[in-house]
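Chains A and B are the protein sequences, given in the same order. Counting from 1, one number per residue, gives the positions in the first sequence under this note's numbering. Counting from 1001, one number per residue, gives the positions in the second sequence under this note's numbering. Idealized CB from N, CA, C, for every residue including glycine. A quick note: this is a predicted structure, and the numbers were derived from the prediction, not measured. The next block holds one structure in the form of structure tokens; read it before the comments.
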Amino acid sequence: MEALVSILVGVMTASAVYLLLRSHTFPIVLGLSLLGYAVNVFLFASGGLTPDNAPLVEHGIARLPDPLPQALVLTAIVIGFGMIAFLIVLALRALRDLGGDGVDGGDAP
Amino acid sequence: MSHLVLLPVLIPLVGGALLLLTGGLGTRVERTIALAATAALLPVALLLLSRAASGEILIYYLGDWPAPYGITLVVDRLSALMLTLAAVLALASLLYAVAGDDRRGRYFHPLFQMQLLGINGAFITGDLFNLFVFFEILLIASYALQLHGGGAARVRAALHLVVLNLAGSSIFLIGIGAIYAATGTLNMADLAVRVSAAQADQAGLLRAGGLLLLVVFALKAALVPLGFWLPPAYTAASAPVAALFAIMTKVGVYAILRVHGLVFGPEAGPAASLAVPWLVPVGLATIAVATLGVLACRELHRLLAHLVVLSAGTLIVALGLDSEAATSAALYYALNSTLVGGGLFLLADLIARERGEARTFLDRAQGVARPALLGTLFFVGAVGVAGLPPFAGFAAKVYILQSAVAGPAATWVFSVVLVSGLLLIVALSRAGSGIFWRIGDTPPAGERAGLLPTSSAAFLLLGTVVLMAGAGPITAFTQATASQLADRAAYVGGVMANQGVSTPASQRGDP
């Protein structure tokens, strides 16, 4: 389980970094979203992975999952969603005002 | 438990919400509410400052949850000092803005309040994740404020600002996740205890988490090599926004001082003094790069933006010296550089308006309408920021150099700081003489700026004179702040005092 989650986070982060290094705004938006997903899964795993357990408090089960990372992830998702929405609007405005979707304005190669 | 601690975040929150609701009632109502909310922060900050000055650490448990479980807000001397600085700067910037700049785009006032909410929150929170949340609040407000007024240059700079800071936020979360995985807590006081007692097998995770946080804070503080977003962004921003942004890099520096001082301090076991080896080299590199930037500028706003980077670099060098004297010097320097930096941004806008077509380019052009007044203010600001006597910039630099004398990096610190100071004087005198003396025959073409904007710029610039006049009591306070920061046990003891107390507030007799 740990290996699966680590590989998942690693692949997502690597793809995100690749997309972030592109010279157009659209791949960068995708890259930042993907980085957000990777971070959320990482945060979720930071409380320790407890497979085959109840998601919440249940009588008779001694080992409970840590609820705090879930709260953190929820907050991070909400904030990330707002930020990505803002970035998309800004990128569209840059497309209109700067005459292209390059990250430095205008057309990028 | 005093509810006073909550006011620095509550006032801008309520003020901002009110401003959104009353947006349709006209400019006058909007400006009154915005000014009232911002002005109310100053007495609150001063009250907190006077309470904290006695050495008391004010703690607020949100929802009355006991310490490591709930979110704690903490006001000690450092927080109170930064709150006061933010309140003074915000009030002057807003007074400048209500003279007309706030009409150049929509939602200036609600965004301004949200920005203050984020800044104040970052200064008082005692929880690492809550620090992230307040950072995000101040960032999203700053993105929109940066765009205030519109135009291609602002959009281009904002795009870089947003993308970099979004990547930074992700790194912040990874750092938080790593630290939580290693310790199981995010309360800074609790973290300080657990990190110092951490086992060796957690050391890697802890150190990685701590250094990731350092990267994020360095991005906010615009340190080399992460600070190249700052000059275009601050150059393009409208004047009151740029003036308020003068404290944003200090939020990054504050976070380094708070988190790396408290959690990863000298007693932090396997992660002891994590940041210290990095700070002096990074700070010196930042000073060097910013000095070159200042020298290369052909335009006053960009020059001032490089000065903001330079002051952040100097602060980081002082923190890297890692002694109480150096921390005290850094705080005094931060007060001076923030006020003067903000004031110079306002002054540059006044100059641009009065010169008309030539704006703030350092070319031969028409002079300003009031050369004596603006020239004197520029002189005071330039002397204050370059660190020449008789103003506070000089004293601040002397304190920093004094604390570096005995250290191992003394040669480097002295040479870089002093050479940078000399080059700064060259660049500033070139800028000043270019604007005020190299004037053509044509009479001034621009409009005359009003009394309100002029006096708010003067108010901030004269801060350097006030800081020098009051240097005795102020440095006594910053020294007390530095020794309070070094006494980690008192902070931890104060925050964790109600551990295990779970009686509701009503039964304890609290209001």
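If you drop the 5 nearest sequence neighbours on each side, which residues of the same chain put their C-beta closer than 7 Å to that of residue i?
{"i": "residue 1508 of chain B", "result": "Bear in mind that the predicted position of residue 1508 of chain B carries a pLDDT of just 39, short of 50, making it unreliable; the figure below should be weighed with that in mind. Excluding positions up to five away in sequence, the list is empty."}
{"i": "residue 1506 of chain B", "result": "Confidence at residue 1506 of chain B is low in this model, with a pLDDT of 41, below 50, so the placement of that residue is unreliable and no value is reported for it."}
{"i": "residue 1501 of chain B", "result": "A caution first: residue 1501 of chain B carries a pLDDT of 46, below 50, which makes its placement in the model too unreliable to give a value."}
{"i": "residue 1276 of chain B", "result": "1320, 1322"}
{"i": "residue 1410 of chain B", "result": "1404"}
{"i": "residue 1105 of chain B", "result": "1148, 1149, 1150"}
{"i": "residue 1224 of chain B", "result": "1282, 1285, 1286, 1289"}
{"i": "residue 1234 of chain B", "result": "1242, 1245, 1305, 1308"}
Terminal residues of the continuous alpha helix (DSSP H) containing residue i?
{"i": "residue 1071 of chain B", "result": "From DSSP, residue 1071 of chain B is part of no alpha helix (DSSP H); its letter is neither H nor E."}
{"i": "residue 1400 of chain B", "result": "1392-1404"}
{"i": "residue 1332 of chain B", "result": "1324-1355"}
{"i": "residue 21 of chain A", "result": "Segment: none, residue 21 of chain A is in no alpha helix (DSSP H) and carries neither H nor E."}
{"i": "residue 1429 of chain B", "result": "1410-1436"}
{"i": "residue 1147 of chain B", "result": "Per DSSP, residue 1147 of chain B belongs to no alpha helix (DSSP H) and is neither H nor E."}
{"i": "residue 1453 of chain B", "result": "1451-1461"}
{"i": "residue 113 of chain A", "result": "As displayed, chain A neither begins before 1 nor continues past 109, which places residue 113 of chain A out of reach and without an answer."}
{"i": "residue 1439 of chain B", "result": "Neither: residue 1439 of chain B is in no alpha helix (DSSP H) and is coded neither H nor E."}
{"i": "residue 1484 of chain B", "result": "1471-1486"}
{"i": "residue 1003 of chain B", "result": "Neither: residue 1003 of chain B is in no alpha helix (DSSP H) and is coded neither H nor E."}
{"i": "residue 1194 of chain B", "result": "1188-1196"}
{"i": "residue 27 of chain A", "result": "25-45"}
{"i": "residue 1313 of chain B", "result": "1300-1320"}
{"i": "residue 1383 of chain B", "result": "1371-1386"}
{"i": "residue 1496 of chain B", "result": "Neither: residue 1496 of chain B is in no alpha helix (DSSP H) and is coded neither H nor E."}
{"i": "residue 1109 of chain B", "result": "1108-1124"}
Tell me, to the nearest whole angstrom, how far the beta carbon of residue i is from that of residue j; I am working on the premise that it is less than 8 Å.
{"i": "residue 1226 of chain B", "j": "residue 1274 of chain B", "result": "Not confirmed; about 18 Å, so no contact."}
{"i": "residue 1123 of chain B", "j": "residue 1086 of chain B", "result": "7 Å"}
{"i": "residue 1193 of chain B", "j": "residue 1492 of chain B", "result": "6 Å"}
{"i": "residue 105 of chain A", "j": "residue 94 of chain A", "result": "7 Å"}
{"i": "residue 1090 of chain B", "j": "residue 1041 of chain B", "result": "7 Å"}
{"i": "residue 1449 of chain B", "j": "residue 1304 of chain B", "result": "17 Å between Cβ atoms; not a contact."}
{"i": "residue 72 of chain A", "j": "residue 1170 of chain B", "result": "In fact, because the Cβ distance is near 13 Å, the residues do not count as touching under 8 Å."}
{"i": "residue 1214 of chain B", "j": "residue 1160 of chain B", "result": "Going by Cβ atoms, the distance from residue 1214 of chain B to residue 1160 of chain B rounds to 22 Å, so no, they are not a contact pair."}
{"i": "residue 1378 of chain B", "j": "residue 1432 of chain B", "result": "6 Å"}
{"i": "residue 1057 of chain B", "j": "residue 1494 of chain B", "result": "4 Å"}
{"i": "residue 1356 of chain B", "j": "residue 1436 of chain B", "result": "Between residue 1436 of chain B and residue 1356 of chain B the Cβ distance is about 15 Å, and since that is not below 8 Å, they are no contact."}
{"i": "residue 1045 of chain B", "j": "residue 1008 of chain B", "result": "7 Å"}
{"i": "residue 76 of chain A", "j": "residue 40 of chain A", "result": "6 Å"}
{"i": "residue 1306 of chain B", "j": "residue 1318 of chain B", "result": "About 19 Å; that fails the 8 Å criterion."}
{"i": "residue 1198 of chain B", "j": "residue 1316 of chain B", "result": "Not a contact, Cβ separation roughly 26 Å."}
{"i": "residue 1464 of chain B", "j": "residue 1392 of chain B", "result": "5 Å"}
Need the endpoints of the beta strand (DSSP E) that residue i sits in, please.
{"i": "residue 1173 of chain B", "result": "Counting along the chain, residue 1173 of chain B falls outside any beta strand (DSSP E), though it belongs to the alpha helix (DSSP H) covering 1152-1183."}
Looking only at its chain, what residues have a beta carbon closer than 6 Å to the beta carbon of residue i, apart from the 5 residues adjacent to it on each side?
{"i": "residue 1016 of chain B", "result": "1110, 1113, 1114"}
{"i": "residue 1229 of chain B", "result": "1160, 1161, 1164"}
{"i": "residue 1511 of chain B", "result": "Model confidence at residue 1511 of chain B stands at a pLDDT of 37, short of 50, so the residue's coordinates are unreliable; what they give is reported in the following sentence. Once the five neighbours on either side are set aside, residue 1511 of chain B has no close Cβ partner at all."}
{"i": "residue 982 of chain B", "result": "What the structure shows of chain B is the stretch from 1001 to 1511, and residue 982 of chain B is not part of that stretch, so it cannot be assessed."}
{"i": "residue 1438 of chain B", "result": "1364"}
{"i": "residue 1434 of chain B", "result": "1362"}
Among residues of its own chain, excluding the 5 on either side of residue i, which ones have a beta-carbon nearer than 8 Å to its beta-carbon?
{"i": "residue 1452 of chain B", "result": "1095, 1096, 1098, 1099"}
{"i": "residue 1173 of chain B", "result": "1132"}
{"i": "residue 1504 of chain B", "result": "Here residue 1504 of chain B scores only 42 on pLDDT, less than 50, and its place in the model is too uncertain to base an answer on."}
{"i": "residue 7 of chain A", "result": "none"}
{"i": "residue 84 of chain A", "result": "29, 32, 33, 36"}
{"i": "residue 118 of chain A", "result": "It is not possible to answer for residue 118 of chain A, since the shown part of chain A is limited to 1 through 109."}
Considering only heavy atoms of the ligand MN, does any lie closer than 7 Å to the CB of residue i?
{"i": "residue 1119 of chain B", "result": "The ligand MN is absent from the structure shown, which contains no ligand whatsoever."}
Please compile the residues from chain D whose C-beta is within a distance smaller than 7 Å of the C-beta of residue i.
{"i": "residue 1166 of chain B", "result": "Checking the listed chains, one finds no chain D in this structure; the protein chains it contains are A and B."}
* Asked: Would the region 1419-1429 of chain B and the region 1315-1335 of chain B be scored as touching if the rule is three or more Cβ pairs under 8 Å?
  -> Touching, no.
* Three CB pairs or more closer than 8 Å across the region 1296-1315 of chain B and the region 1356-1376 of chain B -> Between the region 1296-1315 of chain B and the region 1356-1376 of chain B, the count of C-beta pairs closer than 8 Å reaches three or more; the two stretches touch.
* **4 or more residues per run - each alpha helix (DSSP H) lying fully within the region 1013-1096 of chain B** => For secondary structure counted as the alpha helix (DSSP H) over 4 or more consecutive residues, the region 1013-1096 of chain B holds these complete runs in sequence order: 1027-1053.
* Is there contact here, the region 1145-1161 of chain B with the region 11-23 of chain A, by at least three beta-carbon pairs under 8 Å? -> Because the criterion of three Cβ pairs below 8 Å is not met, the region 1145-1161 of chain B and the region 11-23 of chain A do not touch.
* Asked: Quick check: the region 1316-1328 of chain B against the region 1342-1354 of chain B, are there 3 or more CB pairs under 8 Å?
  -> Under the 8 Å Cβ criterion, the region 1316-1328 of chain B does not count as touching the region 1342-1354 of chain B, having fewer than three qualifying pairs.
* Asked: Any chance the region 1378-1386 of chain B sits against the region 1260-1275 of chain B, with 3 or more Cβ pairs inside 8 Å?
  -> Contact between the region 1378-1386 of chain B and the region 1260-1275 of chain B is absent, with fewer than three C-beta pairs closer than 8 Å.
* Indicate whether the contact test is met: 3 or more Cβ pairs, each with one atom in the region 1281-1289 of chain B and one in the region 1179-1189 of chain B, closer than 8 Å. => Between the region 1281-1289 of chain B and the region 1179-1189 of chain B, the count of C-beta pairs closer than 8 Å stays below three; the two stretches do not touch.
* Asked: If we count Cβ pairs, one from each stretch, closer than 8 Å, do we get three or more for the region 1243-1251 of chain B versus the region 1167-1181 of chain B?
  -> No, the region 1243-1251 of chain B does not touch the region 1167-1181 of chain B.
* Would you say the region 36-53 of chain A touches the region 1100-1109 of chain B, given that touching needs at least three Cβ pairs under 8 Å? -> Too few Cβ pairs lie closer than 8 Å, so no.
* Asked: Is there contact between the region 1405-1419 of chain B and the region 1479-1494 of chain B, where contact requires at least three CB pairs shorter than 8 Å?
  -> Taking 8 Å as the limit for Cβ pairs, the verdict is that the region 1479-1494 of chain B does not touch the region 1405-1419 of chain B.
* Should the region 1020-1037 of chain B be called in touch with the region 1049-1057 of chain B, which here means at least 3 C-beta pairs below 8 Å? -> No: fewer than three Cβ pairs fall under 8 Å.
* Asked: Which residue spans inside the region 1209-1277 of chain B form an unbroken alpha helix (DSSP H) run of at least 4?
  -> As far as the region 1209-1277 of chain B is concerned, its whole alpha helix (DSSP H) runs of at least 4 residues are 1230-1236, 1239-1245, 1248-1255.
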